[in-house]
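S.K.: So that you can map any letter, position 544 of the sequence shown is 536 in the working numbering, and since no number is skipped, the others follow by simple counting. The beta-carbon is built from N, C-alpha and C at its ideal position, and this holds for glycine as well.
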Amino acid sequence: KKLVFATKTQPLSTMATDEERVGNVKRQLAKLFESSLRAIVPDESDVEPLIAPCTGKFGDYQCNNAMGLWSKIKGKGTEFRGPPSVGQAIMKNLPPSEIVESCSVAGPGFVNVVLSKSWIAKTIQNMLRDGIETWAPQLEVKRAVVDFSSPNIAKEMHVGHLRSTIIGDALARMLEFSNVDVLRRNHVGDWGTQFGMLIEFLFENYPNLEDVSETAIGDLQAFYKASKQRFDDDAAFKLRAQQAVVKLQGGESEYRKAWSKICEISRKEFDKVYQRLGVKLEEKGESFYNPYIPGVIKELSELGLVEESEGARVIFIEGANIPLIVVKSDGGFNYASTDLTALWYRLNEEKAEWIVYVTDVGQQQHFDMFFKAAKRAGWLPADDSKYPKASHVGFGLVLGEDGKRFRTRSSEVVRLVDLLDEAKSRSKTALIERGKAKEWTEQELEQTAEAVGYGAVKYADLKNNRLTNYTFDFDQMLSDKGNTAVYLLYAHARICSIIRKSGKDIDELKKAGVIVLDHAGERELGLHLLQFSEVVEEAGTNLLPNVLCEYLYNLSEIFTKKFYSNCQVVGSAEETSRLLLCEATAIVMRKCFYLLGIEPVYKI
Ligand code: ARG
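(1) Give me, in chain order, the residues of the same chain whose beta-carbon lies closer than 8 Å to that of residue 175; leave out the 5 immediate sequence neighbours on both sides.
(2) By how many angstroms is the C-alpha of residue 508 removed from the C-alpha of residue 42?
(3) Assign residue 268 to one of three DSSP states: helix, strand, or coil.
(4) Just to check, is the beta-carbon of residue 349 closer than 7 Å to a non-hydrogen atom of the ligand ARG?
(5) Out of 189, 327, 64 and 461, which has the shortest C-alpha to C-alpha gap to residue 179?
(6) Is the beta carbon of residue 571 less than 8 Å from the beta carbon of residue 498?
(7) Tell me which residue opens and which closes the alpha helix (DSSP H) that residue 541 is part of.
(8) According to DSSP, simplified to helix, strand and coil, what is residue 13?
(9) Report yes if the CB atom of residue 103 is closer than 8 Å to the CB atom of residue 65, and no otherwise.
(10) Kindly identify the DSSP beta-bridge partner or partners of residue 384.
(11) Exposed or buried, what is residue 378 when buried is set at 16 or more other beta-carbons lying within 10 Å of its beta-carbon?
(12) Could you check whether the Cβ of residue 592 sits closer than 7 Å to any heavy atom belonging to the ligand NAP?
(13) Taking residue 482 and residue 472 to be in contact with their CB atoms under 8 Å, please state how far apart those CB atoms are, rounded to whole angstroms.
(14) Among 479, 308, 62 and 54, whose alpha-carbon lies nearest the alpha-carbon of residue 94?
(15) Is residue 310 close to chain D, meaning its C-beta is less than 8 Å from at least one C-beta of that chain?
(16) Quick one: does the C-beta of residue 144 sit closer than 7 Å to a heavy atom of the ligand ARG?
(17) With a threshold of 16 other CB atoms inside 10 Å of the CB of residue 445, please say whether the residue is buried or exposed.
(18) Cβ of residue 365 versus every heavy atom of the ligand ARG: is any distance shorter than 7 Å?
(19) If I measure Cβ to Cβ from residue 329 and keep anything under 6 Å in the same chain, skipping five residues before and after, which residues do I get?
(20) What span of residues does the alpha helix (DSSP H) with residue 487 cover, start to end?
(21) Hey, would you say residue 460 sits closer than 8 Å to residue 469, going by beta carbons?
(22) Where residue 277 and residue 190 are concerned, what is the direct C-alpha to C-alpha distance, given to the nearest angstrom?
(23) Considering only C-alpha positions, which residue in the set 289, 296 and 340 is nearest to residue 323?
(24) Would you call the region 419 to 426 and the region 487 to 501 touching, i.e. three or more CB-CB distances under 8 Å?
(25) Can you give me the C-alpha to C-alpha distance between residue 588 and residue 488, rounded to a whole angstrom?
(26) Taking all protein chains shown into account, decide if residue 400 is buried (16 or more other Cβ within 10 angstroms of its Cβ) or exposed.
(27) Smallest Cα separation from residue 40: which of 50, 47, 29 and 432?
(28) Taking DSSP as the reference, what is the three-state secondary structure of residue 591?
(29) Using CA atoms only, rank isn't needed, just tell me which of 526, 564, 569 and 486 is closest to residue 504.
(30) Given this structure, state the Cα-to-Cα distance separating residue 354 from residue 81, to the nearest angstrom.
(31) Given this structure, state the Cα-to-Cα distance separating residue 511 from residue 389, to the nearest angstrom.
(32) If you draw a straight line from the C-alpha of residue 429 to the C-alpha of residue 596, how long is it?
(33) Shorter than 7 Å, the distance from the beta carbon of residue 331 to the closest heavy atom of the ligand ARG, or not?
(34) Compute the beta-carbon to beta-carbon distance between residue 281 and residue 333, rounded to the nearest angstrom, for a pair I have assumed lies under 8 Å.
(35) On the criterion of 16 or more Cβ atoms from any shown chain inside 10 Å, does residue 558 qualify as buried, or is it exposed?
(36) Along the alpha helix (DSSP H) that carries residue 85, what are the first and last residues, could you check?
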């Protein structure tokens, strides 16, 4: 019953064709199965192969079309007797390919595929020679906006913004790697009624604007709190603050200047955090879209979407119990007016096909509503599988050890900078305990402590399904055991050290060396390496960084437990091949680190 294909391998020296460059096994198999499926149902133009990796002992991948196909063709004069016979036919029609070593049909018609060892080996060799970029997914979308981080001016960035920043950065990196032109947008909360109070408070304390320096109101959270206190306590202040909003919106120069000053100081604080986290963003805050709002509201009104309700102007959304307010009863604009306008701008001016918003799940309803409004306006297609598309990437809460929202002991919001400081200092202490202060220069120690400390904070966040809440726990995230960045970074460093200690010139080996996957551990590692491309594609298209984390952790486990503990590398007869496998693992791990925004370390 088993079909065995003759495998023909080409000599390594020939350049890889574009087709071979594609490291995506699923896609390659899909191509093969598509032609086979067409042969069975010739009139069916849309035969979409259902290919999935499988863990069983019967194969590496599976084609699951037989059952579905059977239900379509049964009773229509078909010669098939049931799904297994459809499966047999799918298998027999498969064109010969060097990818596939053998196939078999199991159960209700699954077609199991065993990949050719030599093809796996060759594909890895090609990657080593031509670079990991040749394994980059090619997404359908050409340009995307990722709207992330987006803190509010005069407020401290806290741990909630940390989630948006690191999840958004990882998504942007994955899409960029997948050949999408990504516009990284910081939708800073730099507009709104709170500015009246802030400006009034600024005037009160610094009659001369020139005197305001970064240090004077450096602690913006304290500044915000103090002005809020004044606002709540003093009716006269409150009135002035409300008038200040009107003057600011009317464009009065002193007010605009004070506003810019506050934004500028805030921006500097945010930038320090982005620098530390290695995150790049382009600020287009809420104020950027102000000039476009009236035009957009006009367009929506002309489309008949905007209605009058209790003095406000609103858009009614099907299935929602409250309407979306786009012009408040006082004539002012709000969060939704700005977001609708930003969406309009991103679609029309920036020509983005996919707009991704990263905020806590608490804002889900806001996004649902204005996405629906955009669909009603015809800006977005009703069908979510079509582009242009808008996606809300929600995430859960960060919890403290008490299981409640993460706070400091004095129940203040936790400042991001303090977290980063502590992560770094803890990882430095751990390195010193391992005797690294004697081995390394102070600079090496500092750099490694940062890479490990910040990496640990990021990974602890990214490894969870983003929708779930997670508990912030330094001890856990900085442990060198289990699924942590520390464990992974050390594993990578150890692989680098195996290569270094071999004394071989790995770049030379990459040019001429041949990979052989005869041992089960070698083969398993090789197959997992090959799955990198399809995993990045899945993580990117489904906006789930945890999928990539899981892959990375499994890679490290397979390397250590299946390969390295069974296959001697240095000094063995297979040394060249095994060193190349070490190198390929290190390269794929580094790419994963990069995509997750984590800095690798090379020695430990
Ligand atoms: N500034 C908002 C907040 O801190 C997040 C903005 C998210 N982006 C957007 N386009 N609404 O909650």
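M.R.: A quick look at the data gives this:
(1) Excluding positions up to five away in sequence, the list reads 135, 136, 137, 138, 274, 338, 342 and 344.
(2) 30 Å
(3) helix
(4) yes
(5) 327
(6) yes
(7) 537 to 549
(8) Because the pLDDT of residue 13 is 47, which lies under 50, any placement of that residue in the model is unreliable, and the question is left without a value.
(9) Not closer than 8 Å, so no.
(10) By DSSP's assignment, residue 384 forms a beta bridge with 349.
(11) It is exposed - the Cβ of residue 378 has fewer than 16 other Cβ atoms within 10 Å.
(12) Ligands present in the displayed structure are limited to the ligand ARG, and the ligand NAP is not among them.
(13) 6 Å
(14) 54
(15) Any reference to chain D falls outside this structure, which holds one protein chain only.
(16) yes
(17) In summary, residue 445 is buried, with 16 or more beta-carbon neighbours lying within 10 Å of its beta-carbon over all protein chains present.
(18) In this structure, the C-beta of residue 365 stays at least 7 Å away from each heavy atom of the ligand ARG.
(19) 285 and 318
(20) 477 to 494
(21) no
(22) 18 Å
(23) 289
(24) no
(25) 20 Å
(26) exposed
(27) 29
(28) coil
(29) For the residues 526, 564, 569 and 486, the minimum Cα distance to residue 504 belongs to 569.
(30) 51 Å
(31) Those two C-alpha atoms are separated by around 45 Å.
(32) Annotation: residue 429 to residue 596 spans about 12 Å, alpha carbon to alpha carbon.
(33) Taken from the Cβ of residue 331, at least one heavy atom of the ligand ARG lies inside 7 Å.
(34) 4 Å
(35) Burial call: exposed.
(36) Residue range 75 to 85 is occupied by the alpha helix (DSSP H) that includes residue 85.
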